[in-house]
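Since the structure comes first, as structure tokens, the remarks are kept for the end.
In this note's numbering, the protein residues as written are -5 to 192.
Now the structure itself:
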């Protein structure tokens, strides 16, 4: 959201009901929503033989359907002229095959498809892009980073391992500096894809 003092706040779109409440009550003379950054997501890694409908449905609700509800509300006449940017955080698994990540990758691929289609549907007011992330070390993935795992990651990324700040820098650019970029799936993977790494 942005108000007359140029203050901003972030909605946790994994709680779509709460976010929708903000969307429906936000606009007035001084407050409007000018950007949505969809960072909410859950990951469930299972081989297809262990497919569980209820778990997969929950993952898709958080990763895809919640943001669809929010964008639906923001595409109304009341909001649409203010909404300048929608940015999705997708995953390299949406574009490459990894064991036990097919369903997670499918949910993230949904965001990539949305970015392409909504860039046309919501033009000329709104730019829509997805950031396709490789592995990033966060509080949620810290448990993976044993010494051997870190050593392996150092060999995978030609530019070295990425950081949260690298992600923030790209989102800031898309939100604040770009005017003519929309419908793109922008890979942020430290050149891993170009090196043919899995």
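All residues carry an ideal CB built from backbone N, CA and C; glycine is no exception.
For residue 56, same chain residues with a beta-carbon under 7 Å away, outside a window of 5 residues either side, are 8, 34, 35, 36 in chain order. In this structure, the straight-line span from the alpha carbon of residue 184 to that of residue 131 is close to 13 Å. For residue 109, the enclosing alpha helix (DSSP H) has its first and last residue at 96 to 115.
Between residue 68 and residue 27, the C-beta spacing is below 8 Å. Setting aside the 5 residues that flank it on each side, residue 106 is surrounded in the same chain by 84, 88, 124, 179, each with a C-beta closer than 6 Å to its C-beta; the list follows chain order. For residue 172, the closest of 76, 128, 75, 122 by C-alpha to C-alpha distance is 122. Spanning the alpha carbons of residue 78 and residue 142 requires a straight line of approximately 43 Å. Closest option to residue 157, judged by alpha-carbon separation, among 133, 115, 96: 133. In this chain, residue 143 is not harboured by any beta strand (DSSP E); it is covered by the alpha helix (DSSP H) spanning 141 to 150. Rounded to whole angstroms, residue 90 and residue 117 show a C-alpha spacing of 29 Å. Judged by DSSP secondary structure, residue 32 falls outside any alpha helix (DSSP H) and instead within the beta strand (DSSP E) spanning 29 to 32. DSSP places residue 77 outside both helix and strand once states are collapsed to three, so it counts as coil. For residue 137, the secondary structure class from DSSP, reduced to helix, strand or coil, is helix.
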